[in-house]
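K.L.:
Pasting a structure below so you can have a look.
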RNA sequence: GGGCCGCUAGCUCAACUGGCAGAGCAAAGCACUCUUAAUGCUUAGGUUCCGAGUUCGAUUCUCGGGCGGCUCACCA
């Protein structure tokens, strides 16, 4: 209670003393702020200067009082509208209430919509209604809230005071809806698979561990949706997708949050070429639908998401940007020596695959600003992808990059159960060499042994895609409540 | 975990080389009938993150701790 300013409590008591409930149960508004503005525009078209009476509601954001009149700004989900209050026109109770109002209070107002001398659409209020008394002051009105920690911890304040933040999250929602529409419109079935997994899962990331009390069994939060979606492909759903939360027990950075949203799609009888076309089509059509353009701002440059995107082989990209053709250095020691020669600080424990990945993330990824598909990856980086015909060490896989970050990963799915078993065994060895648990998902192998059609699969980092589409440089700017460090 | 930076009024920020801790917004009061970052006058608001040290004197310097941001490492 001590943190609540005395003056606000006093006003609350004053309002109650007037016989007014400061927290009424409901309020019938007839118009949002935006609708009220539109209503005025319609009235003006038919030669009127004001509308019939409307009722609006929102948070009071400003109070400009000059003698016998006041202008209040209220903000609702649609935007802002100004209230005009003349002491001659306001009823007695509203008049008394006005004295007890603070910026931040939620209020309702009834009156006609007209235009002030400065042409501002305005409600000429006859009555004011207290809808919720605010007991805490809002952030500074001009600079808003800029302390990054407070913005994330008290996101509601960020949303109240920063219009561009509201815009980002509104766009995020619209983009995800548009993606769903796109997938649904292309014959994909949206499904939900378990978040609680019995195994660590089919990706290399470390999982969060939890425990089921009744079963007395450890469970893991999923690090991918892949293995369950493939079971559905085996089960005969030819085109499936899932948009959902993934959890990875790893570091936090501008492009990593421990929980993030992925979309994975699987299409039977497709390969990575057709998946590539789907990705570029989907992203450019979603951008066009929601943003009205395929050209988005990125730092001080622009990115054009229009299909088709550039395709570049993984090997050529690394050779071109790093000057090292990893095929010439087929084992970890040779490659490490070459990388040291280039002045790179290389972890002596890294295996060959990790070294190659290091080359990718150091030299190539930051350069891929325009949307680009890197295609045909080394097999040792890709335990679930199918080999390219006639090649032992290359798989049919691509990753999509834009704005210097990876946004998608896809391959022609491995569907040979014996090959898959070999890859799992190798992967488990690698994990154990890193001191992690290496388990083999026998249940999944059993499913694949029943026959899985040739399939093209895809994973998209939805948060990262939103970053690109909304010109945000940090994943925390596109996640409403990002993971933060502990607070005492 | 390493490096860099930061922590001052509810919010946004000042305070020179160590010398009485300040402004704007928000709040309270007064004035004002067309403002929109309203305006003018007045008032209140502080454990300068915490603890030690140096000093006549510490927001400032030193050490330790806390919290946070960025970044590197980690991370398909």
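Numbering (this note's numbering), first residue to last: -15 to 472. From the three backbone atoms N, C-alpha and C, an ideal C-beta is built for every residue, glycine too.
1) By the DSSP assignment, the beta strand (DSSP E) with residue 484 in it spans what residues?
2) Using the three-state DSSP reduction, which class does residue 454 fall into: helix, strand or coil?
3) Quick check: residue 311 and residue 289, are their CB atoms within less than 7 Å of each other?
4) Within 10 angstroms of its Cβ, does residue 126 collect 16 or more other Cβ (buried), or is it exposed?
5) Is residue 37 helix, strand or coil by DSSP?
6) Distance, Cα to Cα, residue 140 vs residue 197?
7) Can you find the residues in the same chain that come closer than 8 Å, C-beta to C-beta, to residue 72, ignoring five residues on each side of it along the sequence?
8) Using the three-state DSSP reduction, which class does residue 315 fall into: helix, strand or coil?
9) With 16 as the cutoff for other CB atoms within 10 Å, does residue 225 come out buried or exposed?
10) What did DSSP end up calling residue 136 once you bin it into helix, strand or coil?
11) Decide if residue 191 is buried, meaning its Cβ has at least 16 other Cβ atoms within 10 Å, or exposed.
12) Identify the continuous alpha helix (DSSP H) that holds residue 286 and give its terminal residues.
13) According to DSSP, simplified to helix, strand and coil, what is residue 29?
14) Looking at residue 359: is its Cβ nearer than 7 Å to the Cβ of residue 448?
15) List the endpoints of the continuous beta strand (DSSP E) containing residue 280.
16) Assign residue 466 to one of two classes, buried (16 or more other C-beta atoms within 10 Å of its C-beta) or exposed (fewer than that).
17) Looking at C-beta atoms only, is the number of pairs between the stretch 340 to 350 and the stretch 259 to 273 that lie closer than 8 Å three or more?
18) Is the CB-CB distance between residue 67 and residue 27 below 7 Å?
19) Assuming residue 359 is part of the beta strand (DSSP E), what are its boundary residues?
20) Who are the Cβ neighbours of residue 34 in its own chain at under 7 Å, not counting the five residues just before and after it?
P.N.:
This is what the structure gives:
1) No statement about residue 484 is possible, as the shown extent of the chain runs from -15 to 472 and does not include it.
2) DSSP places residue 454 within a helical segment (H, G or I) once states are collapsed to three.
3) No, the Cβ-Cβ distance between residue 311 and residue 289 is not below 7 Å.
4) Around the beta carbon of residue 126, fewer than 16 other beta carbons lie within 10 angstroms, which makes this residue exposed.
5) Residue 37 sits in a strand when the DSSP states are folded into three classes.
6) Roughly 35 Å between the two C-alpha positions.
7) Around residue 72: 52.
8) Residue state, collapsed to three classes: coil.
9) Classification of residue 225: buried, given that the 10 Å Cβ count is 16 or more.
10) Residue 136 falls in the helix class under three-state DSSP.
11) It is buried - the Cβ of residue 191 has at least 16 other Cβ atoms within 10 Å.
12) No alpha helix (DSSP H) holds residue 286; the beta strand (DSSP E) holding it covers 285 to 288.
13) Three-state result, residue 29: helix.
14) Residue 448 is positioned such that its CB atom lies no closer than 7 Å to that of residue 359.
15) Where residue 280 is concerned, the enclosing beta strand (DSSP E) starts and stops at 279 to 282.
16) Its Cβ being crowded by 16 or more others within 10 Å, residue 466 is buried.
17) They do not touch, by the three-pair rule.
18) In this structure, residue 27 does not lie closer than 7 Å to residue 67 by Cβ.
19) Where residue 359 is concerned, the enclosing beta strand (DSSP E) stretches over 356 to 362.
20) Beyond the five residues adjoining it in sequence on each side, residue 34 comes within less than 7 Å, by CB distance, of 27, 96, 97, 98 in the same chain, given in chain order.
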